[in-house]
Amino acid sequence: MPKRHSTLAAASTLLVATLAAPAFAHTGVGITGGLLSGLEHPITGLDHVIAMVAVGLWGAFLGRPAIWILPVVFPLVMAFGGALGVLAVPLPYVEAGIGLSGLLLGLAVAFAAKPPIYVSAIIVGVFAIFHGHAHGAELPEAANPFSYALGFVVATGLLHIAGIAFGYLARWPLGKMAVRAGGGAIALAGLGFLTGVL
Amino acid sequence: MRLWLLAACLVALPEHAFAHAAGPGMEGFFIGLWHPYTSAAAILAMTGWGLVLSADYARLQHNLLVYIPACALGLFLPALGMVVLPDVPLLAFAMLAGIATATAYRFPATAYRLAAAIVGLFLGVQSAPDSGPLGATIVTGLGSVVGVSAILFYIGGGLDWLRTRIERQWFPVAVRIAGSWITATSILLAALELRPIR
Numbered sequence: 023m024p025k026r027h028s029t030l031a032a033a034s035t036l037l038v039a040t041l042a043a044p045a046f047a048h049t050g051v052g053i054t055g056g057l058l059s060g061l062e063h064p065i066t067g068l069d070h071v072i073a074m075v076a077v078g079l080w081g082a083f084l085g086r087p088a089i090w091i092l093p094v095v096f097p098l099v100m101a102f103g104g105a106l107g108v109l110a111v112p113l114p115y116v117e118a119g120i121g122l123s124g125l126l127l128g129l130a131v132a133f134a135a136k137p138p139i140y141v142s143a144i145i146v147g148v149f150a151i152f153h154g155h156a157h158g159a160e161l162p163e164a165a166n167p168f169s170y171a172l173g174f175v176v177a178t179g180l181l182h183i184a185g186i187a188f189g190y191l192a193r194w195p196l197g198k199m200a201v202r203a204g205g206g207a208i209a210l211a212g213l214g215f216l217t218g219v220l
Numbered sequence: 641m642r643l644w645l646l647a648a649c650l651v652a653l654p655e656h657a658f659a660h661a662a663g664p665g666m667e668g669f670f671i672g673l674w675h676p677y678t679s680a681a682a683i684l685a686m687t688g689w690g691l692v693l694s695a696d697y698a699r700l701q702h703n704l705l706v707y708i709p710a711c712a713l714g715l716f717l718p719a720l721g722m723v724v725l726p727d728v729p730l731l732a733f734a735m736l737a738g739i740a741t742a743t744a745y746r747f748p749a750t751a752y753r754l755a756a757a758i759v760g761l762f763l764g765v766q767s768a769p770d771s772g773p774l775g776a777t778i779v780t781g782l783g784s785v786v787g788v789s790a791i792l793f794y795i796g797g798g799l800d801w802l803r804t805r806i807e808r809q810w811f812p813v814a815v816r817i818a819g820s821w822i823t824a825t826s827i828l829l830a831a832l833e834l835r836p837i838r
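Set out below in structure tokens:
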């Protein structure tokens, strides 16, 4: 390595070294506690996870503009459902709606359903209300509300992105089969939650 | 290799830097600077507004000429005896700004000026300094004005700059999704603000 590059590398490293601070690894309280609680809430329920991944999967399968419309619609409507849950507005058959979301969205991917964009947005929106209501009703009293809400929304978005990433495999023939098989697995899991088997 | 090991050891050594402000009374400026960032509603409103400006920063940045004076005016309203609770209006603004970003809708110029005035006014109210010596109050208020403006330059101008550098299809999609997250978080926080105390 030329001498000036090694000098620059050493100087940069020393500069970075002066920027470091001690790590206080308490995560259970305050802003970090709320953020972590919010981040983990959507991913601790498999019924939520499969539906949110299925939204990303279906969006990737449908292509543009669904690939971004569905991950935009879901958190928006989910937050509305969350608001209903926070305000203790009763919503019937929440758990059934969540189970049904996994089943129907999984089937949509498994059968490569390609309805008009507004139809897919409406389907996703309807199910988002049930998911949001469940999250909102379970909001812990002690959490920092801002960081909890932010963590919960971000975690949902990241699950969609995971589904989209998997859904990109559909551009190849084998990948398409894998994606549709994944949709089938999601549908089976959704059926399990709906019937109480899972 | 030994240089890198030395740098890695140095990373563990730094301590907090307790920085005293350079001049007397400047602590108030920094208190004012950070004050807007202590409110979740203000953070969401400023971030949402920054995202809106980033859509066409070159054309929309002149709205800051309305925004900054509106903020300065808002700082004085509580001192005049006007009681305004800014959190819910700020959350409502953040919701609308997020939706505008998610839909990439372009409003008439008058709408942006009106939005700048409204959000600036409420952010000013939210950041109003406590009563005290006039000089200190002015310095703190000045810090607040800088605080609510700086984030717009970073978000609005920064995203606009990135847009010219990152010529990828996912970049505008990511901005839309960020807008939807702002709206979703704002909806949840508004519900928490409005829920009856249990």
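One line per chain: the protein sequences are H and E, in this order.
With our numbering, you'll find the first sequence wraps up at 220, consecutive numbering, no jumps.
With our numbering, you'll find the second sequence wraps up at 838, consecutive numbering, no jumps.
By construction, the Cβ of each residue, glycine as well, lies at the ideal position given by its N, Cα and C atoms.
**Prompt:** How about the stretch 61-71 of chain H and the stretch 132-140 of chain H: do they share at least three Cβ pairs that are nearer than 8 Å?
**Reply:** no
**C-alpha gap between E:I778 and H:A101, whole angstroms** = 39 Å
**Asked** Taking all protein chains shown into account, do 16 or more other C-beta atoms lie within 10 angstroms of the C-beta of E:T780, making it buried, or fewer, making it exposed?
**Response** buried
**Asked** Rounded to the nearest angstrom, how far is the Cβ of E:L763 from that of E:P676, given a contact under 8 Å?
**Response** 6 Å
**Spatial distance of H:L220 from H:G214 (CA atoms)** = 5 Å
**E:N703, DSSP secondary structure in three states** = helix
**Asked** With 16 other CB atoms within 10 Å as the buried threshold, where does H:D69 fall?
**Response** buried
**Request:** Could you tell me which uninterrupted alpha helix (DSSP H) segments, each at least 4 residues in length, are contained entirely in the stretch 90-169 of chain H, listed from first to last along the chain?
**Result:** 116-132 and 139-159
**Message:** Please report the straight-line C-alpha distance between E:G714 and E:D727, rounded to a whole angstrom.
**Reply:** 14 Å
**Item:** Buried versus exposed, by CB contacts within 10 Å (16 or more), H:F174
**Value:** buried
**Request:** Find the residues of chain E that neighbour H:G179, judging by a C-beta separation of less than 7 Å, and give them in chain order.
**Result:** I817 and W821
**Item:** C-alpha gap between H:P93 and E:I795, whole angstroms
**Value:** 22 Å
**Asked** Leaving out five residues before and five after E:M666 in sequence, what residues of the same chain have Cβ atoms less than 8 Å from its Cβ?
**Response** V779
**Asked** For the putative contact between H:A105 and E:I827, defined by C-beta atoms under 8 Å, what is the C-beta separation to the nearest angstrom?
**Response** 5 Å
**Message:** Is E:R835 close to chain H? Criterion is C-beta to C-beta, closer than 7 Å.
**Reply:** yes
**Asked** Count the other CB atoms within 10 Å of the CB of E:Y745; is the residue buried (16 or more) or exposed (fewer)?
**Response** exposed
**Request:** Select from H:L180, H:A200 and H:A82 the residue whose C-alpha is nearest the C-alpha of H:I186.
**Result:** H:A82
**Prompt:** At a CB-CB cut-off below 8 Å, which residues of chain H make contact with E:V861?
**Reply:** No information on residue 861 of chain E is available, as it lies outside the stretch 641 to 838 that chain E covers here.
**Item:** Start and end residues, alpha helix (DSSP H) containing E:S767
**Value:** Run containing E:S767: none; DSSP gives neither H nor E here.
**Request:** For H:Y5, collect the residues of the same chain with a Cβ closer than 6 Å to its Cβ; drop the 5 residues on either side in sequence, then sort them by chain order.
**Result:** With chain H represented from 23 up to 220, any question about residue 5 of chain H goes unanswered, as that position is not in the structure.
**Request:** For E:M722, count neighbouring C-beta atoms within 10 Å of its own C-beta (all shown protein chains included) and say buried if the count is 16 or more, exposed if not.
**Result:** exposed
**Asked** So is H:A101 in contact with chain E if we call contact Cβ pairs under 7 Å?
**Response** yes
**Request:** Indicate the three-state DSSP secondary structure (helix, strand or coil) for H:D69 in the structure shown.
**Result:** helix
**Prompt:** Between E:D800 and E:I791, what straight-line distance do the alpha-carbon atoms span, to the nearest angstrom?
**Reply:** 14 Å
**Asked** Between E:L774 and E:A768, what straight-line distance do the alpha-carbon atoms span, to the nearest angstrom?
**Response** 13 Å
**Range covered by the alpha helix (DSSP H) that runs through E:W810** = W810 to L834
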